[in-house]
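So the structure is just underneath, and the comments pick up after that.
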Amino acid sequence: MYFPVSSTLIEFLILSIVKKEDSYGYEISQTIKLIANIKESTLYPILKKLEKNDFLTTYSQEYQGRKRKYYSITQEGIEALAVQEQEWENYTATIAGIIEGRIRK
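Residue numbers for the sequence shown follow my numbering, so the first one is 135 and each next one is one higher.
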């Protein structure tokens, strides 16, 4: 099942993926596609935005005779990800509370 995802959530997922290890666009898109039906035409502008904001850096590496563009998280990206992780924890805790009936307005 796929859920609609915002560009903010995609940014969070991208930073989470590349924090674990450097990755290239297609690999990142395939991981995100586990939960969201994202197209490469949506992904690459977000990757470019993260790079422009100094959250990611890039480098090229040859693989089977072709060059791949790899993305690597920066210190600024790690700091932004920490903020996003805290926001995600608050968000999911609130959802769980509503589902379990612990939170009501």
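For each residue, glycine too, the CB sits at the ideal point set by N, CA and C.
Item: Contact set for Ile148: own chain, Cβ-Cβ below 7 Å, skip 5 residues either direction; Value: Ile162, Ile180, Leu181 and Leu184
Item: Outcome for Tyr160 when other beta-carbon atoms lying within 10 angstroms are tallied against a minimum of 16; Value: exposed
Item: For Ser140, the nearest candidate out of Lys239, Lys173, Lys153 and Tyr193 (CA to CA); Value: Lys173
Item: Every unbroken alpha helix (DSSP H) inside the segment 143 to 170 [4 residues or more]; Value: 159 to 166
Item: Three-state secondary structure (DSSP) of Glu229; Value: Note on identity: in this sequence residue 229 is Ile, with Glu being the wrong assignment. Helix, per DSSP.
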